[in-house]
Amino acid sequence: MDFSSHAERDGTRLHGRAKGAARFMLGPSALIGAMGLLRGADATVPTPAEDWRRATVDLVIHVQRHQATIVHCLAGLRAQTRQPRRIVLVDDGGIDRDGSLVLAREFAAVNAMAIEVIARRWSIGRTPTLKRQASECDGDVLVVLDADTVLESPEFLERCVRELFQGAGIASVCGTVLPLRGRDRRAMAATAAFRRWLGPDAYRDLNASRDRAARIEQWLIDGYRQCVGLVQQRFVHRGQMLAFGGIAHPVGAVAYRRGYLKDLFDRYEPVHGEDDQTHAEDIFIGVAFGNEGYRNVQLADVVARVQQPARIEHLPARRARYTQAFLRGCYFFDALLQSPLKAPRRAWRRLRRPAPKVEQRRVREAYRQPFGERLTREQGRPIGWALAFTALEKILLPLIVLVLLATGQWRALAIGVLAELALWLALLAAVAPAPRAATLARGLLAAPLRYVELAADLVGVLRFGRELRGRQADRARRRMR
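Per UniProt numbering, the sequence shown runs over residues 1 to 481.
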């Protein structure tokens, strides 16, 4: 099941990025977030059946031309309060391999850090790598991240592993994902482990351009991604967590229940094979978990930072690929997408046939639900609401804006844009850390990029529509044979 593609080149890779759907605060995704925040947290106190302290943790780092950030990534791991049992670096660069592994071995040697290295002669893609490691490792937990991801919070691994064992229904846990800025790279370079590797040499940031225009462009990109990440994850995703106990799919550095992940690959590879590719395999994995009744949990109090693309034009290209991949995941698991349509029938059945009042053992786990795809097809899942509303938002919002532009409804369009911008800035002020004024200024300067990405959503929808027609034509040809 190869869900990788040549989209991994030229700064448009989607793996390990914050790819949430909500960009516009007047859309249905933001409404779900607000409803979840108003509802509040579930008061159930979990009583986990397994002790997370005894779990064995293996960590896989996917390396593909990450020479500029590989040492930062390892320095973040070295500072973790919970150290993994194994650290496996998989260089999937093939003929495009750079010096990432050389730097990694040097850092590991001077910091007494045991790493295992796999260097492939040719690239096979991130998803086949993940599939192999899920099968070949024997730990309870498999943590997956890219070599351009830095765990900023020292307790990142410990918190993710602990949360993963709070209930049998939790399949993946991730933290908040924010951009890796120049100041973050410098802060990591000042740590003791990094300084031991650097020795007497002066630190030189390989991602910092000498060109002034390029530095300003990178500043805008980082500021935009910082603002979007804060609102998206600390408002929309937090609301989804409170409402449904999880999010649609994990982002960034992810801790998986390895057994669940291995079973998922074993089940869906014969179904989808090599033909059904996606540019973001964590979307497929997360939605597949939701289809089985598992949950993808995001923690707001631990942070991972990810290197962003250096060019603004890469943002809409990546957004269009994400939208196409997201809609493809909805297509694969349409029963989960139809969860809102199943709610009235389920409510009617409860009214006609009230459940008998019998004494039952209470399962002390919030959001516990029976597992299995059969229940999804019959009754739907809570997270299916978030999936359906996000898909609706991706299709309708660009079309509404396009219709207003085509019909010359400039006043209505201006009112909508101003109202949405005011709400965006208000939410950004609520979730941004101090100093808020600087964050609000960046959010205002980067506001046009949000509307560019709205157009990219439309491109992604059109691409998926063309892909869907191709699938249907292939299916018709197979039936005629």
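Just so it is clear, CB atoms sit at the ideal spot from N, CA and C, and this is done for glycine as well.
For a cut-off of 8 Å, the C-beta gap from Thr-129 to His-66 is around 14 Å, too long to register as a contact.
Annotated as proximal: Asp-282 and His-249, with beta-carbon spacing under 7 Å. For Ala-253, there is no enclosing alpha helix (DSSP H), as DSSP marks it with neither H nor E. Secondary structure at Pro-398: helix, using DSSP grouped into helix, strand and coil.
If you look at Gly-175, you'll find it in the beta strand (DSSP E) that goes 170-179. When the Cα atoms are used, Arg-478 and Glu-292 turn out to be separated by approximately 29 Å. Only residues of its own chain outside the window of five on either side were considered, and among them Cys-160, Glu-163, Leu-164, Ala-255 and Val-297 have a CB closer than 6 Å to the CB of Val-173, listed in chain order. Runs of the alpha helix (DSSP H) lying entirely within the UniProt domain "Glycosyltransferase 2-like" (67-173) and spanning at least 4 residues, in chain order: 70-78, 100-110, 126-136 and 156-164.
DSSP places Ala-419 in the uninterrupted alpha helix (DSSP H) bounded by 410-431. Taking the CA atoms as reference points, Gly-167 sits about 19 Å from Gly-40.
For Gln-240, the uninterrupted alpha helix (DSSP H) run begins and ends at 237-244, by DSSP.
Put simply, the region 378-389 touches the region 335-355. At least three CB pairs are less than 8 Å apart. The count of Cβ pairs closer than 8 Å, one atom from the region 298-311 and one from the region 173-188, reaches three, so the stretches are in contact.
Annotated three-state conformation of Arg-436 is helix, per DSSP.
Contact annotation: Ala-171 and Arg-257 have beta-carbon atoms nearer than 7 Å. Judged by DSSP in its simplified three-state form, Ile-221 adopts helix.
The three-state secondary structure of Arg-481, taken from DSSP, is coil.
Measuring C-alpha to C-alpha distances from Ala-429 to each of Ala-112, Leu-38 and Phe-235 identifies Phe-235 as the nearest. Ile-312 is the residue among Glu-152, Ile-312 and Leu-454 whose C-alpha sits nearest the C-alpha of Ala-213. Under DSSP, Gln-233 takes part in no beta bridge, so it has no partner. About 15 Å separates the beta carbons of Gly-169 and Glu-373, which is beyond the 8 Å limit, so they are not a contact pair. With respect to Arg-181, Asp-146 sits apart: the two C-beta atoms are not nearer than 7 Å. DSSP places Asp-474 within a helical segment (H, G or I) once states are collapsed to three.
Around Arg-82, the same chain offers Val-57, Glu-155, Leu-157, Glu-158 and Val-161 as residues with beta carbons nearer than 8 Å, after the five sequence neighbours per side are excluded.
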